[in-house]
Every structure is written in C-alpha cells, then in structure tokens.
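Here the structure is laid out as structure tokens; the discussion comes afterwards.
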Amino acid sequence: MYTTDLSGKKKAEAVAEDPAKLAAFEARVAADDFIEPKDWMPEAYRKTLIRQISQHAHSEIVGMLPEGNWITRAPNLRRKAILLAKVQDEGGHGLYLYAAAETLGVTRDEMTEALLSGKAKYSTIFNYPTLTWADIGAIGWLVDGAAIMNQVPLQRTSYGPYARAMVRICKEESFHQRQGYEIMMRLASGTAAQKRMAQDALDRWWWPSLMMFGPPDDKSPNTEQSMRWRIKRDTNDELRQKFVDISVPQAEAIGLKVPDPALKWNETRGAYDFGAVDWEEFYSVVKGEGPVAKERMQARQKAWEDGAWVREAARVHAEKRAAAKLAAE
Amino acid sequence: MDALVTYALRLGDDSLVLGQRLSEWCGHAPALEIDLSLANVALDQIGQATHFLALAGALESKGRDADQLAFRRDVMDFTNCLLVEQPNGDFAQTIARQFLFAQYQTLLFAEMARVKDERFAAIAAKALKEVSYHATLASDWVVRLGDGTEESKARMIAGLDWMWRFADELFLMDDVDVAAINAGAGVDKAALTAAWDSRVDAVLVEARLERPPARRAIVGGRSGRHSEHLGHMLSEMQFLQRAYPDAEW
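Line by line, the protein sequences give chains H and E. Residue 5 is where the first sequence starts when you use the numbering used here, and the numbers rise one by one after that. Residue 217 is where the second sequence starts when you use the numbering used here, and the numbers rise one by one after that.
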C-alpha cells in the first residue's frame, strides 16, 4: 500500500562492487529487463528493495487494523461481507509481499520482528483513526486510490517478484478503490447526518492521503538512485499532482468539498494548484507520533504475543508428525 | 409465526452470529495464514446468513429483508443456538466452537441438500461445500493444538470444556423442527447425533484428547433465551442501523 522510502535519511552505503558486473546490471535495468532472485545484484539494490518491499508488506498488515475496526459495525450484510473480504485481501497482499522480500534473503520472522521493535516503518496513513463508517469509504477512495497511483508503475519495477506481486495487488486495489468511492457516493447522497459524516471523513483523510506519496522531491534523497534502478518510476511530486488532479473532480461529482482553500485549477499547467502539505506533521508521524501509532503497534504486538503458543504448537506438532513418518518408513 | 419462517431464521441466525464472532479476529490472529482462513470462514457464514435471512423474510412476507432481520431485531427475537454466540476467548476456544459447530453444520446441510423444498435445499447444497472445509480446517487445528505442546493441549482442553455445555442444544428437536420436516424443508437433527459423536471422537483420538465428560446441557437460544454475550454483540453489530434508522447504506 505504501512504497515511498521512509527510512532512507542517508544514502545507501557505497559497497565496492565488481565494476563489470555492476555495469552489466545497470545495462539490464536500463533496458527494462527484470532482475530475478538468482541474478547478481548490487548489495545496495538488494537492501533498498528489502526495505521497500517489507515496508510495503507491513503497511498492508497494519492497514488491516483501521478498517478492521469497522467490520463488526458495518451497516448491512453486503457492506460487512465486502469489508471483510477487502481486509482479507490486504492480508493476502502482505503475504505475497513478504514472500517477494524473502526471495532477497530475509525471513518473514525477521521482518516481523523489525516491525514490532519499531525498526521497520509502515505507511504513516494507518496511524490515523477510523472514527465513523465514512472513514471506510474515505480509505477505499483516497488511501487505496493513492496506493494504486504509487503501485501501478511498480508493475514494471525492475525486480521480477515484486513486479509480479504488484500486478495482482493492483487488480484488487482498484476494486477496493471503487467500493470506497461507492460508500462515499451513498453517504453524500444520503441523509444530512450521512453527508456530514462523509465531509468530515474527507476533511480528515485528504492531507494524510497527499502525504502518502512521500516528501517533496527536493527532500527525497533516494529518489534519483531508485529511479535509475527502476525501483521507482515517477517522483513523489509527480504522483501527488496526478492524485490531486484525479481526486478533486471525484469529490466535486458527489458534492463534497476538498479541504484546501488554495486549491485552484491552473489553466496554463492543465493541473490543480494546491496548498502546502504540513511536512512537519508528516515527519512526526513517520517518527511514530501519529494519533493512533501506539494503538496500532500495541495491537500488532498483542496479536503476535498472544499467538506465540499457537505458532509453537503448530511447529511442534509438525515435528512430531515428521518424526512419526520417519519412524514408520 | 409460521414454522418455516422460524426455521429459516434459526439457520440464518446461527450463521450470522458465528460469522460476526469470527470476524472479530480479523487483523488479530496468531499468524497471517490463520487470519486469512478465519476471515474465509466468517465470509462463508455471513453469506449463508444472508441467504437464510432473505428466505425467512420472503416466507414471512411482511416486507422485512435480510438486513432488517439482522440489524433490527432485539436479543429475545434472535434464535441462534448458544454455542455460536460464545466469546472467541483464545484461539483454542474459537477452534473448539468452530469444530463442534462445523461438524454439526456439515451433517445438517448434507441432509438438507436433499429435502423437497428447493429453497432450503439449494442454500444447503451450496453451504455444504463451505462447511465441509470449515470442519476440516477446525479438525486440523484441534489435532495440532491437542497434540502440540503442553500449553496448547491445556488450552484446547479448556476451550472444549467451555463449549461442550452447548453442544446438546444443536440436536434438540421442537415443534418448529417437526413442522419443518413435515413441510419438506427440515432435517431430523436428533438423528445426526450418532454421526456427530463418531466424527468428533475420531478427531479427539487423533488429537490425543479425551472426550469431555457429559454434563447438563445449557439450552434456550432457539426460544430467545440467550447468554449475556449476545446482547453486547448485537449492540455493536446493530449500532449504525439503530443510530440512523432512516439512513440507507
């Protein structure tokens, strides 16, 4: 769900790589060839990908929590089934992404430990609370919409397993986005109370959604390297602009107002001018100061700790089975 | 109320309440794979609930659809068995509930798929494939936990102990059941007990667990006499429909 490098304050360390291998690698990537797990790759490329893919996987898993918050309160049977299936899809995305990261030589348990210890990051967006049913609509429409914008180019990212995972994920995300918008449409054309709920959700989710594309280009140190390696294919600001240009008319179409007084169509650019994102808030949330960051981490830690005995039992049982099978042979 | 309406409601309420309970796990399960499989089971149950409650509404012909039946009835009008409303507890308790109930649902729907009333038979035939998988999934976990570590065994025993009190109610027959059988829609549940016992026992043997001792059954769900847990579940589940009665979602 989130593909912007959050932990890359400093540039990847320079490791002395074999210049001939490096040149061949760079040429393959420049020719839009896919790099596969057994192919040679520079250490920095491997590290950057592990960080990005695991961060993306963690975002899917933590992202189950804000929406999961409304499954038991969904307003009718159809909405309940759709939401449950959607949150289940997010879990499935986490699963394929962890598997893609594992091809780079890291285990799922190591990645999970990194998440739970706070070492690994996940999308800042999930550190905001879901307060009303309309938040489920806003998340599908805006958050999944922003995720799709980030992820569609990644179907052509240079690392094969990641690119293939993205193809499948993008299909599901586009369904999620439509269901979110449909919830918003219904609310916006409903009772006064429902309309209020919808506008309030847009007011709260708009700016955090714009932050999902990551810091502005001039503050994004790894963008250049990542673009050269085709790990990233558009800059943060390009994607953010595209998101604004698509989302504003969608809000207008259902009679909702985007909470940005500076928002204005720019005829010359053929795009919307929009107000400044509060980057101070963004960096605070990245640091773990989001409104519900503690609740999210606590929920993940609790699930992991409470489940330890189950995972242990499954492991021990599998060993017993294997031993019994061996003895029988 | 017409017996067939009540019969369909009972089936729908069982699935709805179990689906709601299972969905509480979403995002919080012991492992990602377990999270996905519990969500699958929950989705199947909610699907079954939607079909049975829609059928109940159609048979009643008072203009109530599945959502009105799910979200606008109070606790004394819910007719699910007590087993499905029991709290999730730890994973072993959830699995104990799922195991006992899925074995019952598998036998029930296998019979119901053959009844004369095509409306009931069609829902049961579709649901049978789903619940057979639920029974396998739950049985596998009973075995893993029962024959895993000392801790998992103790938890599995405690989970079964919690749920065992509510198993007899599944097979209880009353006037509604008899009327449904006479109408060509119902199943003789009492006749399922022997098969249920042997399936449950076979899994318990494989799990190296003893069958919990027989005890006085706790009953009442079919006539709206529930545990304290159901009211809390409904207050959460029905919140939006109650708070905004004139809204459509």
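All C-beta atoms in this analysis are idealised placements derived from N, C-alpha and C, irrespective of residue type, glycine included.
Nearest to residue i by alpha carbon, out of the options?
| i | options | result |
| --- | --- | --- |
| A459/E | T136/H, I152/H and K175/H | T136/H |
| L248/E | Q92/H, E21/H and G72/H | Q92/H |
| A297/H | K236/H, F38/H, A150/H and P70/H | P70/H |
| F268/E | L388/E, F325/E, L299/E and I373/E | F325/E |
| A202/H | A138/H, Q229/H, A34/H and K306/H | A138/H |
| A322/H | D363/E, A308/E, L285/E and G447/E | D363/E |
| K42/H | R315/H, G109/H and W145/H | G109/H |
| I140/H | N270/H, E284/H and P79/H | P79/H |
| E316/H | D390/E, W357/E and T409/E | W357/E |
| L259/E | L81/H, I39/H and R32/H | L81/H |
| I86/H | A312/H, K261/H and F179/H | F179/H |
| Y223/E | R335/E, K342/E and W378/E | R335/E |
| T97/H | L120/H, D148/H and W308/H | Here residue 97/H is His; the residue named in the question, Thr, does not match the sequence. When only C-alpha atoms are compared, the closest one is D148/H. |
| A423/E | W211/H, K324/H and E117/H | K324/H |
| A34/H | T161/H, E114/H and P133/H | T161/H |
| A118/H | Y287/H, A327/H, Q59/H and A318/H | Q59/H |
For residue i, count neighbouring Cβ atoms within 10 angstroms of its own Cβ and tell me buried if that reaches 16, exposed if not.
| i | result |
| --- | --- |
| T352/E | exposed |
| S231/E | buried |
| W44/H | exposed |
| D485/E | The structure shown has nothing for residue 485/E, since chain E only spans 217 to 465. |
| G464/E | The sequence given here places Glu at residue 464/E; Gly does not occur at that position. Exposed: under 16 other Cβ atoms inside 10 Å. |
| M216/H | buried |
| Q305/H | exposed |
| P165/H | buried |
| K14/H | Model confidence at K14/H stands at a pLDDT of 48, short of 50, so the residue's coordinates are unreliable and nothing is read from them. |
| L344/E | buried |
| L330/H | exposed |
| G259/H | exposed |
| S451/E | exposed |
| S63/H | buried |
| M449/E | buried |
What does residue i touch in chain H if you count any residue whose Cβ is under 8 Å from its own?
| i | result |
| --- | --- |
| M389/E | Neighbours of M389/E on chain H: none; closest Cβ ~29 Å, over 8 Å. |
| S258/E | What sits at residue 258/E in the sequence shown is Ala, not Ser. Simply L88. |
| Y223/E | Under the 8 Å cutoff, chain H gives no residues; its nearest Cβ is about 20 Å from Y223/E. |
| Q264/E | Within 8 Å Cβ-Cβ: nothing; Q264/E doesn't reach chain H, min ~11 Å. |
| D218/E | Simply none; closest approach about 22 Å. |
| Q457/E | P79 and N80 |
Whose Cβ in chain E lies nearer than 8 Å to the Cβ of residue i?
| i | result |
| --- | --- |
| I143/H | Result: empty, since nearest Cβ-Cβ is about 14 Å, beyond 8 Å. |
| V262/H | Result: empty, since nearest Cβ-Cβ is about 24 Å, beyond 8 Å. |
| A327/H | What A327/H touches in chain E: nothing, since even the nearest Cβ is about 12 Å away. |
| A307/H | G243, H244, A245 and P246 |
| V147/H | Near V147/H there are no residues of chain E at all, since even the closest Cβ is about 16 Å away, more than 8 Å. |
Between which residues of its own chain and residue i is the CB-CB distance below 6 Å, once the five residues before and five after are set aside?
| i | result |
| --- | --- |
| A337/E | A329 and V331 |
| D333/E | G400 and A401 |
| F287/E | Q454 and Q457 |
| Q261/E | S231, L234 and G235 |
| L361/E | A308, S368 and M372 |
| L227/E | F268 |
Is any heavy atom in the ligand SAM found nearer than 7 Å to the beta carbon of residue i?
| i | result |
| --- | --- |
| F179/H | With respect to the ligand SAM, the structure offers nothing, as it holds no ligand at all. |
Cutting at 7 Å between CB atoms, please list the residues of its own chain near residue i, excluding the five before and the five after it.
| i | result |
| --- | --- |
| A282/E | T266, L269, A270 and G273 |
| G12/H | Confidence at G12/H is low in this model, with a pLDDT of 48, below 50, so the placement of that residue is unreliable and no value is reported for it. |
| D393/E | G402 and K405 |
| R300/H | V66, L69, F130 and N131 |
| F29/H | W44, M45 and P46 |
| F387/E | K405, A406, L408 and T409 |
Quick one: what's got a C-beta closer than 8 Å to residue i's C-beta in the same chain, skipping five residues either side?
| i | result |
| --- | --- |
| A16/H | Residue placement at A16/H is flagged as unreliable, the pLDDT there being 48, under the threshold of 50; a coordinate-derived value is accordingly withheld. |
| E21/H | P46 and E47 |
| E106/H | R112 |
| V416/E | F315, L316, Q319 and R427 |
| D249/H | A275 and Y276 |
Which chain H residues sit within Cβ distance under 7 Å of residue i?
| i | result |
| --- | --- |
| E367/E | W313 |
| D251/E | G95 |
Closer than 9 Å by beta-carbon distance: list the chain E residues that pair up with residue i, in chain order.
| i | result |
| --- | --- |
| H60/H | Chain E residues near H60/H: none, gap ~15 Å exceeds 9 Å. |
| K335/H | Because chain H here runs from 5 to 333, residue 335/H falls outside it and cannot be looked at. |
Taking residue i as the query, report the chain E residues whose CB atoms sit under 7 Å from its CB, ordered along the chain.
| i | result |
| --- | --- |
| G72/H | C242 and G243 |
| E316/H | T365 |
| L53/H | Chain E residues near L53/H: none, gap ~21 Å exceeds 7 Å. |
Can you pull the chain H residues whose beta carbon is under 9 Å from the beta carbon of residue i, in chain order?
| i | result |
| --- | --- |
| F307/E | D310, G311, W313 and V314 |
Selection of the region 271-295 of chain E by Cβ proximity to chain H, strictly under 9 Å | A282, D283, A286 and F287
What residues in the region 169-201 of chain H bring their beta carbon closer than 7 Å to a beta carbon of chain E?
-> R190, G194, T195, A197 and Q198
Residues within the region 226-240 of chain E neighbouring chain H, beta-carbon criterion of under 7 Å | Q236, S239 and E240
Give, in chain order, every residue of the region 76-96 of chain H whose Cβ lies closer than 7 Å to some Cβ of chain E.
-> T76, R77, P79, N80, L81, R83, K84, A85, L88, A89, V91, Q92, G95 and G96
Output, in sequence order along the chain, the residues in the region 348-365 of chain E whose CB is closer than 7 Å to any CB in chain H.
-> R360, L361, D363, G364 and T365
Proximal residues, the region 437-454 of chain E versus chain H, C-beta separation under 7 Å | E452 and M453
The region 403-424 of chain E: positions lying closer than 8 Å to chain H by Cβ | none
Taking a cut of 7 Å between CB atoms, which residues from the region 93-119 of chain H lie near chain E?
-> Answer in chain order: G95, G96, G98 and L99.
Residues within the region 201-230 of chain H neighbouring chain E, beta-carbon criterion of under 7 Å = If you check each beta-carbon in the region 201-230 of chain H against every beta-carbon of chain E, none falls closer than 7 Å.
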